[in-house]
Every structure is written in C-alpha cells, then in structure tokens.
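Peer 1: Okay, handing you the structure first.
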Amino acid sequence: MARVVVDPVTRIEGHLRIELIVDEKSGKVVDAVSSGTMWRGIELILRGRDPRDAWAFAQRICGVCTSIHAHASVRAVEDALEIKIPKNANYIRNIMYGTLQVHDHVVHFYHLHALDWVSPIEALKADPVQTAVLQNQLLEKYGAVAELMPDPIGRRAYPRKFPKATPGYFRAFQEKIKKVVESGQLGIFAAHWWDHPDYKLLPPEVHLMAVAHYLNMLDVQREIFIPQVVFGGKNPHPHYIVGGMSCSISLNDMNAPVNTERLAVVEDAIYTQAEAVNLFYLVDLLAIGHIYVQKGQTYGGGLAKRRVIGYGEFPDEPYGGIKNGDYHRQVIYHCNGVVEDFAEGVERAKFYPLAGKDFADPEVIQEYVAHSWYKYPDEKKGLHPWDGITEPNYTGPKEGTKTHWKYLDEKGKYSWIKSPRWRGKPCEVGPLARYIVVYTGVKQGHIKPSWMDEMIVKQIDFVSKVLDLPPHVWLPTTVGRTAARGLEAQVGVAANLYFMKKLYDNIKAGDTSVANTEKWDPSTWPREAKGIGLTDAPRGALGHWVVIKDGKIANYQCVVPTTWNGGARDPMGGQGAFEECMKDTPLQVVNKPLEVLRGIHSFDPCLACSTHLYDAEGREIVEIRVQGSQPVCF
Amino acid sequence: METFWETFKRHGVNRRDFFKFATTITGLMGLSPSMIPEVVRALETKPRVPVIWIHGLECTCCSESFIRSATPLASDVVLSMISLEYDDTLSAAAGEDLERHRKEIIKKYWGNYILAVEGNPPLGEDGMYCIVNGEPFLKHLKESAEGAKAVIAWGSCASWGCVQAAKPNPTTAVPIHKVITGKPIIKVPGCPPIAEVMTGVIMHLVLFDSIPPLDSQGRPKQFYGNRIHDTCYRRAFFNAGQFVERFDDEGAKKGWCLYKVGCRGPTTYNSCGNIRWYNGLSYPIQAGHGCIGCSEDNFWDNGPFYHRLTTIPVPSVEANADKVGMAVAAAAAAGAVVHGVISKLRSKPNRGGE
C-alpha cells in the first residue's frame, strides 16, 4: 500500500485536496479521501439581509457556473413569498439556464478536461493533411448525432462556425503549438505529465484535432453566453430580480432593454451554440470516448453505479410554488428522482420519485458534519437545510501542523465540505446522474416522457449503438460521465430554441410582461415564511433553503452539487462520489495518477484538489509525492 | 525571448495588419493617435511577460470574465502576449509538479514577472479557511509577491475584500494590499471586472513596460476615471427627471433612468457605461437593472440594493476620481429631490400609455 499527495489539483473552480490508498501490486486505488480546502461563510453573511438582495450574494458562490445560484435564490424567495413569475420571465430564465448548460459543459470539456485526454506533444507528430481527412471521416461517422436535436425555429441557413476541416486550419494550430514549445515559455502547458502512457492511446491526428479545437473554442466560447448578456446585462454574474426579470420588453420604445434587434442577437448566439456542440464538441467527444472504451477504459463509475439523485428542471410554464409540488408538475426535464443500482441493468435498477413536499420533509435531505470542519449539537445526526447550522470548527490534520499538513485525518474531521445525504445515503449528482434518472424513469414507465426526455433516451441509445455496449456498462464510468455532459449540452441548445420560440409566440400574442412586482414591497409579506429554490445546475442538483422573518433572512442554507459529490464521509461510513469514483481506478504510474485526475475532472469539480495514497487501515507504508519527471518533449 | 512583432511575423501577420493591430490597441487603451508610434515601438521590442495567476477566496468569475475578452481575444493574450506560467484554472499540470514550476518561475524571472491575484486571503484560523498544498493561501501569496515586478489585484475580492468580507466577515478576509507591502499594486475592481478592462491593463503593462497611471485608490485612471452615471446612455432621462418607478413599468420599457429603483451608477467608478460588456454588447443598466456598484469598496454593505441612494453627487459638477472619493457620500441630495418631484409630475400623463 502506498500514499500519494497531489496538491493543488488545477483546472477546477476553487480549492480541493484528495488523498488515496493504492495497492501497489494491483495498481488499484482501494480508498480515497477528498477534502474541500476553502470556506467563505456566505450562508452566514446572508443572514439579516433583504431577501430581494439574496440572489446577488448567493450568485457569488460560483463565477464559473455563473447565474445558477441567483436562479436558485430567486426561486427560493419566490417560493417563500408565493410569487408566480410571468410567462416571458420563465422562458427567459430557461434560456439563461440552457445557455449556462451549453457554456459550462463546452468550457469544461475543452479547457478544464481535454488535457487529461489529449496532449499538445502528441499533436506535434500529426500530419495536418491526414488530420483534415480524419476530421471529415469523423463528421461522417458521428454526424448523425446532430440530427438528435429538434429545432422548432429552423432559421439557420447553413453552419457558419465549421467550414474548417482543412489541412491549412490544422497546420496553423500545429505551428502555433510548435512555436510555443520552441520559445521555452510553455505557459499553461508547462510541467504536466505528458509522458503518461495514456497519451499514446489516441492517434496523433486525434490529438491535433482536439488541441486545435481547444484553442479555437477559447475564442468561440465567449459567444455562447451572449443570451445572458442581453437578458441579464453582463456575464459572469448577470442580473435577476425576485418576481421575474428586469429586462423589460417593448417593440415600441427605442431604449427598451429587449426589442426585436436584441432577440435577433440572442437567436444568433443560440445557433452558434448549436454549431459548437453539434460540430465540435459531440464529434470530438465520440471520437475520443469511443477509442478509450474500445481500449477497455471503463473505470470511474463509483457511486453512480449505486445511487444517483436529480431535482428536475425547465418548467414549461410558470409554476405556483416548489414546496407545494407545482414546480415538478411543470418541469420537462424529469430528472427529479433517485435511482439505485443502475449498473445492474436498467430493468433491475430501483427508481424513487422526488417532488415538492419531499424537499420540505426533514427526513429526506439532510447534511452531516461528522467529518467536516463544522460543529453540530449532535454530530451523529443530520440536519434539514431549513434547520441547518454553519459553525466553523477547524481541527487540523492527522500528521503535520495546523498550518503545514502532511496527511489529513479521515477518521476525524478533514474537509470544509459538509455531507449531504438522501434518507441517510450518499448520492452522485450531475449530468450523468440526471441521464440515469431520466433513462430509468422512461424505460421503466415511471414518468410520462416530455420531448426532452425522449431526446435524452434517443441520445443514450445512439451512443450505445456507437459503442456497441448497453447503457449500464458505459454510462457509469469516467467516459460516460464526460459523455453525458456533452449530450446534455445538446439538450441545452434544444431547450433554448424551444423556449425562444415560446417567447416569440407569447410576445406575438401581445404579452410583454417580464416581472410580477405585486409583492415587491416587504410590507406585503407574511411575518414568517420558508422557501425552497431548486434547480439542476450544470454540475448537479442544487437547492437553496431560505427562512424569512420580519422581512429579513433568518436562515439560508445552500446544498450545492460539489457538496453532494465532493463531501466528506458521513457518521454511517458512507462516502461521496469523488471518493467512490477514485476507489475503483487502476493506476499505470503511481506517482502520475492521470487516471485519478481525469476521473475527478469528469465531475467538473467546483473547488481545488490534491491527492495522497494510504493503505486500507490508514497505515502509511510508502510515501510517494506526486511529482512527474520533467516534461519529456519540452 | 521574442518580441511581439517577431511572434506576429511567425504567424504570418504582415506589417500592414501589425499596424492595424497597434492602432486598435492604442484606441482600446484610451490613448491618443499620436501614441501609435510608441505602441508600435513597444510591440517591436518587448518579449512575452511571465505571469503567475493565483487564487484565494473567490468564485473564479474574474478568470471567466478574462476569457470573454474580444479585443484582444483571450487566446491572443495567453498565447502571444504573456506567458501564463501558473494558473489554477488553466494550467494543465497539477500538484507538486505545478508548485515546483511556480517556484522555478519565481527564481528564473525574479523581479521581472507579474503576479495576478484573484480572490483574497482570510486571516482567521491562521489563514486555514483557504488552503493550498496544505498551507495557508496567505503564505502562497506572500511567497509569490516577493519577487514580482508588479501585482495585479483582479476584481473586488483582491481589491477590496468583496462578498466574503461583507458583514460579519466570518473568515476575516482582507484585500491583498493589507498583506503585501513594498510592491506596486494595480487594483482592477469589479465583480467581475469587464474583460476588456482586464486585458487592457495587461496590454498596458506589456506595451509600455510601466504601471498604468493610477488614481489615489490604485485603480487605472483610463478605466476607472468616470462614474457609470457620467457615461450612462440613460443619463439624459435622469437629467430630464424621467425615472423607472417600479420594475417593468412604462418607464422601464422606455429605458428611463433606474436611479429610483436603486441604481448606484452615480457613485460607482467603472467603464460599464462606455466600454460596456461583451465588446460593447450591453451592461446591467441596459438590461433594465440598476448598477449594484460592484467595483466600489464595501458595496455589499452599502444598504439594500433596491433602496434609492439618499445622497448623490450633484449632476454636472466637474470632478475626477481622485477628488471625489469619499466626498461622494457627503454630496448634496438636492438634485435627487428635485428630480424625484419632476419625475412624479411627468409620470402622470405617461401612465395612460403612448
């Protein structure tokens, strides 16, 4: 058994540390510890504030999945105060949310995840002519994936972002990489484990294609977010208001925030999203994923094989409350549920619906702190978020000093992340979780599928055919988690086109309202109210729980996706999805755990990481600092 | 190290396009056309500047904003203008290899690299509310700052403290100037700052090999010299006393002034009114929401966002950021009161709809 440390893990949001126990004989990780290493106290800062301001504070929880916490926050306050938003506001919020899905997934795949799969070094060996040939072959081979996306607007004459499968295009990028390497200033490519054997799995032409798209997409990604800039005024951190949106619509006033010209800007950006997803992202994803699966890389499923959870999204029309169940009657992304044992096959998996009152039930969703640096009166028990307590209680590491760690104490407290549980059990969240819930729900007949659910089933069946494997084999893996994210980006584009059409139709029918301000004045509020704000953020199920007293916030608790996935152990011994996913990972080079990095990155974590390795009893035998050799080709 | 012109040449950029680029950049930085030859000279002689970009308590919105830059594109900045040697968000490498690389860069370019700081250090619990490699971020910050030529405080977290420093500041988060001394610090506040303001600051450092001219609070004057109110496209409605009284009312549809629903444009220094966001596409006020003052010190605790400012500077008084500063809060309320009355009078006939 050996113990290894990687700190920090980059290409994520925030700060996270991971420790692993590896059996050196088999090269397999047998146990792991994941620790969130930052705490900002935003839940405490929200207390005593005006609930109408909460979205702005909560939004600053994350600037990468920007807007989603604002979205959850206004929903929580509206649920508490029983405010129904206008139709246009619902469509606009859905387009802002769909836009976030597309952007977050695209940037994750190319800029935070791609360099775990492809290498600029290998790209230098590629023939640009052959790369162009390959690109066209791949478009031919996987191109049908684009047809899975319905387009109710159907106005784009032809693709504009991808007339680029030419030798000249690839040669230019190869030249760029070569010059960066030759300059000796390696910048963002410096010091990585480019000599890891996994970088030999793909032919050089696939490396060049993907690295060129990595660079190209750095410029294209900014256009994806344009709908949020038009409706919310800026990005990151666009503006919302309790009761709807601030972007008034008028086809009659030349200074109106939204008019026909602004809608055209949004529509154009949505088509850019479609091209980025259908012609770059999904083709690259299928090409790389297919080869990895063919080479037998189906590890990393972890907790997804056993239990996943989702909350549901995309209300088709405005709803009259979340805790009373109306939200879940309106959603068209029916990922609200829990699925157990999907790895045993979709027929044998267990499906538990989740809606409305479940989120107000003190027994259903709770957070534990037994292994987190917080204090509860009784740490054997979990607390429902309405009764949640956030009281810091840092206890230091197992070995080392308070401010200079050697190893964390997995038997004591070891993380700034709490442990959320569904009926006391850990669950994985995220696109993979949502796909498992919808697929199981539809196949077992628990949910009446919307067009969106049907699209998801078609996508999963399409990829299963490409890979020639059933969904329960390929989905709960590192590759499957990455693939679900890409497929969901396509759902995001389809949703944007769908709700854009609804927005046009509603304006055409004469309704231009975007905000309901009947209850804007705090004197109209009850003395005490409780609300729940649900959404399914790019990284997974997200809930905000608010308690309002005398017009001020009395308690505010957020249970965020990375809390579900990256949280510490619970008092019953249950581990979160990060720890579980690392546990079944085989390592080819113990001191360069690229497979672990790739597995952790497949969650798109919202913090920063590091890794150690121990034996099963926590007894250290060999210490291996994670430090690669000098990059071979630089 | 090669110069910008050499880099451009290698990429097949001809002399004519090179001059076009220099002209665009000169305009972007708010410099007069007479400065173009100087910009060209700088581009011809400067190598790529090494940059170390570290993250404390923050939400990464500054990095996200940065990659949205259109002029110049973030890809050009990262691959052709600077050499981004360490960045939590974009670096391929992880763990100790990356940490060792950071230390090597500090040593190799001692006194010549730029440190960019996103976020801030907490002082509570000996700094252990933000930990990098098992040690407080504070240590990481001080170590990286020591050999830096200059330090950029990205965003309101590094510049002022921002959301985690709002009351009751549970982690005792502080702006970086409280812990870094003896180094020039360029504050680029905003939550996040505008992308082109961020790349504009880097371009200035690279092109002119100097700190951009700063105001008394350490902000580049070329980007923070005016209040949003001064260049707001709705300013004419303020002057005319035409106000939005409630979100989505007739005034909101007409794009009237948002002052009465809580706009902080009159007390906020930033480029939102002129540069705007997304290469001029929009800004919060254009989308019908008041400015929340996100580039101002302590803005989270300046009262609820939807309460109108009780005091604002009298319109049309000539003043600059150096002089106004704290005086803003003390400025006369008379103008606001008068405008409020006019607005009420005018709002009547308009309610009937036009």
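So the sequences go chain by chain: A and B.
For the numbering used here, count along the first sequence from 1 and bump the result up by 552.
Residue 267 in the numbering used here sits at position 278 of the second sequence, and the numbers go up by one each step.
Every residue gets a Cβ at the ideal spot worked out from N, C-alpha and C, and that includes glycine.
Note that the coordinates shown come from a computational prediction; the quantities given were computed from them, not determined experimentally.
When we look at the beta-carbon of B:E343 and count the other beta-carbons within 10 Å, is it buried (16 or more) or exposed?
Peer 2: Note that B:E343 scores 32 on pLDDT, short of 50, meaning its location in the model is unreliable; the coordinates nonetheless yield the value given after this. By the 10 Å Cβ count, B:E343 comes out exposed.
Peer 1: So, at 7 Å on beta carbons, what are the nonlocal neighbours of B:S305 in its own chain, with the 5 sequence-adjacent residues on each side left out?
Peer 2: For B:S305, the predicted model reports a pLDDT of 46, less than 50, meaning its position is unreliable and no value from the coordinates is stated.
Peer 1: In the DSSP assignment, find the unbroken alpha helix (DSSP H) run with B:S148 in it and report its ends.
Peer 2: That run of the alpha helix (DSSP H) goes 144 to 148.
Peer 1: What residue range is occupied by the uninterrupted alpha helix (DSSP H) comprising A:V1141?
Peer 2: Looking at the DSSP string, A:V1141 is not in any alpha helix (DSSP H), and its letter there is neither H nor E.
Peer 1: According to a CB-to-CB cut-off of less than 9 Å, which residues of the stretch 928 to 957 of chain A neighbour chain B?
Peer 2: Listed in sequence order: T942, P944, Y946, G948, P949, G952, K954, T955, H956, W957.
Peer 1: Determine the extent of the beta strand (DSSP E) in which A:V1098 is found, giving its start and end residues.
Peer 2: First-last of the beta strand (DSSP E) with A:V1098: 1092 to 1101.
Peer 1: How many angstroms separate the CA atom of A:A1089 from the CA atom of B:N3?
Peer 2: About 46 Å.
Peer 1: Considering only DSSP beta bridges, list what A:N1107 is partnered with.
Peer 2: Answer is A:V1099.
Peer 1: Please classify A:M1052 as buried or exposed, where buried requires at least 16 neighbouring CB atoms within 10 angstroms.
Peer 2: Result: buried.
Peer 1: Write down the C-beta distance between B:I169 and B:M70 rounded to the nearest angstrom, noting that I regard them as a contact closer than 8 Å.
Peer 2: Contact doesn't hold; Cβ gap of about 24 Å is too wide.
Peer 1: B:R91 lies in the alpha helix (DSSP H); which residues open and close that run?
Peer 2: Segment 84 to 97, the alpha helix (DSSP H) holding B:R91.
Peer 1: Can the beta-carbon of A:Q611 be found less than 8 Å from the beta-carbon of A:G1044?
Peer 2: No, these two residues do not count as a Cβ contact at 8 Å.
Peer 1: Can you check whether the C-beta of A:R563 is within less than 8 Å of a C-beta belonging to chain B?
Peer 2: Yes, A:R563 lies at the interface with chain B (some Cβ there is under 8 Å from its Cβ).
Peer 1: For chain A, find out if any of its Cβ atoms is closer than 8 Å to the Cβ of B:T160; answer yes or no.
Peer 2: B:T160 counts as touching chain A.
Peer 1: Apart from the five residues just before and just after A:P905, which ones in its own chain have a Cβ nearer than 6 Å to its Cβ?
Peer 2: Once the five neighbours on either side are set aside, the close Cβ partners of A:P905 are G889.
Peer 1: For A:M761, which of A:S798, A:P937, A:Q780, A:A678 has the nearest alpha-carbon?
Peer 2: That would be A:A678, whose Cα lies nearest to the Cα of A:M761.
Peer 1: Rounded to whole angstroms, what's the CA-CA distance from A:G739 to A:V1099? Just pull it up for me.
Peer 2: A:G739 and A:V1099: Cα-Cα distance of roughly 47 Å.
Peer 1: Which word fits A:H956, buried or exposed, when buried means at least 16 other C-beta atoms lie within 10 angstroms of its C-beta?
Peer 2: A:H956 comes out exposed.
Peer 1: Thinking A:Y885 and A:V585 are a contact (beta carbons under 8 Å), I'd like their distance in whole angstroms, please.
Peer 2: In fact, because the Cβ distance is near 33 Å, the residues do not count as touching under 8 Å.
Peer 1: Name, going along the chain, the residues of the stretch 721 to 752 of chain A whose beta-carbon falls closer than 7 Å to a beta-carbon of chain B.
Peer 2: Here the close residues are K728, K731, V732, S735, Q737, G739, I740, F741, A742, A743, H744.
Peer 1: At the level of alpha carbons, what is the spacing between B:V67 and A:M648?
Peer 2: Taking the straight line from one Cα to the other gives about 28 Å.
Peer 1: For A:F832 and A:H765, what's the separation of their Cα atoms in angstroms?
Peer 2: Those two C-alpha atoms are separated by around 7 Å.
Peer 1: Residues of chain A with CB closer than 8 Å to the CB of B:P157, please, in chain order.
Peer 2: L596, I597, listed in chain order.
Peer 1: Enumerate, from N- to C-terminal direction, the unbroken alpha helix (DSSP H) stretches of 4 or more residues contained entirely within the stretch 609 to 646 of chain A.
Peer 2: Segments of the alpha helix (DSSP H) lying fully in the stretch 609 to 646 of chain A: 620 to 633.
Peer 1: With 8 Å set as the bound, which would you pick, yes or no: does the beta-carbon of A:M590 sit closer than that to a beta-carbon of chain B?
Peer 2: So, interface residue.
Peer 1: Helix, strand or coil for A:F894 per DSSP?
Peer 2: It is helical.
Peer 1: Does the stretch 171 to 189 of chain B touch the stretch 74 to 92 of chain B, meaning 3 or more C-beta pairs lie closer than 8 Å?
Peer 2: Counting Cβ pairs under 8 Å, fewer than three are found: no touch.
Peer 1: At 9 Å on the CB atoms, spell out the chain B contacts of A:R774, in chain order.
Peer 2: Under the 9 Å cutoff, chain B gives I56, R57, S58, A59, L62, A63, A184, Y267, N268.
Peer 1: Counting only beta-carbon atoms, is B:R253 nearer than 8 Å to chain A?
Peer 2: No, because no Cβ of chain A sits closer than 8 Å to the Cβ of B:R253.
Peer 1: Suppose you measure from the CA of A:K728 to the CA of B:G113; what does that come to, to the nearest Å?
Peer 2: Roughly 45 Å between the two C-alpha positions.
Peer 1: Taking any Cβ of chain B, which residues in the stretch 799 to 812 of chain A have a Cβ under 9 Å from it, in chain order?
Peer 2: Within the stretch 799 to 812 of chain A, the qualifying residues are C799, S800, I801, S802, N804, D805, M806, N807, A808, P809, V810.
Peer 1: Using DSSP with H/G/I as helix, E/B as strand and the rest coil, what is B:M187?
Peer 2: Helix.
Peer 1: I need the boundaries of the alpha helix (DSSP H) containing B:I129, first residue and last residue.
Peer 2: Residue identity differs from the one stated: residue 129 of chain B is His in this sequence, not Ile. It spans 126 to 135 - the alpha helix (DSSP H) in which B:H129 sits, taken as one unbroken run.
Peer 1: List the whole-angstrom C-beta distance separating A:I635 from A:N945, where the pair is believed to meet the contact cut-off of C-beta under 8 Å.
Peer 2: Not confirmed; about 37 Å, so no contact.
Peer 1: Beta-carbon separation of A:I594 and A:T1087 under 8 Å?
Peer 2: Not closer than 8 Å, so no.
Peer 1: Below 8 Å on the Cβ atoms is my contact criterion, and I expect A:M548 with A:A826 to pass it. Report the Cβ-Cβ distance as a whole number of Å.
Peer 2: This structure gives no information on residue 548 of chain A, because the portion of chain A shown stretches from 553 to 1186.
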